[in-house]
Amino acid sequence: MSAAELQQEIEETVRRGTRTLDRPTIHARSEIDITLFRLGLLKIAYELGFLWFGEIFLDQPEAAEMRDVLLRRKDLDASTIEHRIQIGLAPPMVFWRRPPGSHIAYSMEVRGRAAIALKIFNTFSATFICGDAGLLAPGQFIALDVRAGTWRQTAFLKELHRVVHRLNRASLHLSTALSGGAWPRMPEVSNTNVNTPAI
3 MSAAELQQEI EETVRRGTRT LDRPTIHARS EIDITLFRLG LLKIAYELGF LWFGEIFLDQ
63 PEAAEMRDVL LRRKDLDAST IEHRIQIGLA PPMVFWRRPP GSHIAYSMEV RGRAAIALKI
123 FNTFSATFIC GDAGLLAPGQ FIALDVRAGT WRQTAFLKEL HRVVHRLNRA SLHLSTALSG
183 GAWPRMPEVS NTNVNTPAI
C-alpha cells in the first residue's frame with residue numbers, strides 16, 4: 003500500500019468512525035503515592051518552621067525527627083512527630099477553600115506546642131507539631147494564590163479576625179434577605195462532614 007493509499011484509508015476510517023456525543027463521560031483512574039505526598043507536606047512544614055521560628059526551631063526534638071524522616075532514615079509513622087494528614091480539607095481549613103488554586107499555612111499553639119497547619123489546593127491538608135510554643139512563638143499566616151500569582155502574609159489572629167468579619171457580613175446579608183430583601187449571592191458552603199480527630 004502506498005503512502006497516498008494509506009492516508010486515504012485512514013481518512014475513510016476516521017470518517018466512518020466519527021460520531022457526535024451529546025454528553026460524553028470520561029472514566030479515569032488516578033494513583034497517588036501516599037509516601038511522597040506525605041513527605042512533601044512534611045518538607046513544607048519543616049521549611050516554614052525554619053522560616054517562621056528561626057534557628058531555634060532546628061534545636062527542637064521534632065525538627066530532628068523531621069530531618070530523619072525527610073532524609074529517609076526513619077518512616078513518618080515510626081517517628082515521634084505528632085501529625086495529622088488527610089486528603090481533603092480538615093477543619094478549620096474550610097474557611098480558606100476559596101480561591102481553589104490556593105495554598106494556606108499558619109502556625110498556632112496546641113497544648114503548649116507550636117504547630118504548623120497547611121493545605122495544598124483543596125486536595126491535601128496537614129498539621130505537624132514542631133516544638134515548644136514558648137520558644138517558637140507561633141502565630142503566622144500565609145496564603146498563596148497560585149492562579150493569580152499573588153500571596154499575602156499576616157499574623158494568624160489578624161487573619162482569623164478577617165475571616166470572622168467576612169462570615170459576619172455573609173450572615174448580615176442572609177438576615178437582610180430573609181427579612182424581605184432580595185436573595186443575595188451567598189458564598190458556597192461545603193456539606194462535607196469531616197470527622198477529624200484532635201491532635
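First residue of the sequence shown: 3, per this note's numbering; consecutive thereafter. Backbone N, C-alpha and C fix where the C-beta goes; we use that ideal spot for every residue, glycine too.
*Got a sec, what are the start and stop residues for the beta strand (DSSP E) residue 57 sits in?*
Residue 57 -> no beta strand (DSSP E), and no H or E assigned at all.
*Where do the ends of the alpha helix (DSSP H) carrying residue 6 lie?*
5 to 19
*Look up residue 104 in the DSSP assignment and give the residues it is bridged to.*
Answer by DSSP bridge pairing, in chain order: 147.
*In angstroms, rounded to a whole number, what distance separates the CA positions of residue 56 and residue 98?*
For residue 56 and residue 98, the distance between alpha carbons rounds to 26 Å.
*Please state if the CB of residue 38 and the CB of residue 78 are separated by a distance shorter than 9 Å.*
no
*Going along the chain, which residues of its own chain have a beta-carbon closer than 7 Å to the beta-carbon of residue 64, five neighbours each way excluded?*
83, 131, 132, 133
_N-terminal and C-terminal residue of the beta strand (DSSP E) that residue 133 is part of_ = 126 to 134
*For residue 5, is the classification buried or exposed, using 16 other Cβ atoms within 10 angstroms of its Cβ as the cut-off for buried?*
exposed
*Span of the beta strand (DSSP E), counted from its first residue to its last, around residue 157*: 152 to 157
*Please go through the same chain and pick out, in chain order, the residues whose beta-carbon is closer than 6 Å to the beta-carbon of residue 157, but skip the five residues on each side of it.*
141
_Whole angstroms are fine: how far does the CA of residue 22 sit from the CA of residue 122?_
38 Å
_Exposed unless 16 or more other CB atoms sit within 10 angstroms - verdict on residue 71_ = buried
*When the Cα atoms are used, what is the spatial distance from residue 108 to residue 120?*
7 Å
*How would you call residue 199, buried or exposed, if buried means at least 16 neighbouring beta carbons within 10 angstroms?*
Unreliable positioning characterises residue 199 in this predicted model, as indicated by a pLDDT of 43, which lies under 50. A coordinate reading is not provided.
*So what does residue 2 bridge to, in DSSP terms?*
Nothing can be reported for residue 2: it is not among the residues displayed for the chain, which extend from 3 to 201.
*Do residue 87 and residue 164 come within 9 Å of each other at the CB atom, strictly closer than that value?*
no
*Check the C-beta distance from residue 129 over to residue 85 and give it rounded, since I have them as a contact under 8 Å.*
6 Å
*May I ask you to report which of helix, strand or coil DSSP gives residue 83?*
coil
*Buried or exposed: which applies to residue 194, given that a residue is buried once 16 or more other Cβ atoms fall within 10 Å of its Cβ?*
Residue placement at residue 194 cannot be trusted, given a pLDDT of 42 that sits under 50; the coordinates are not used to answer.
*Cβ atoms of residue 127 and residue 159: under 9 Å apart, would you say?*
no
*What residues match up with residue 46 in a beta bridge as DSSP calls it?*
Beta-bridge pairing links residue 46 to no other residue.
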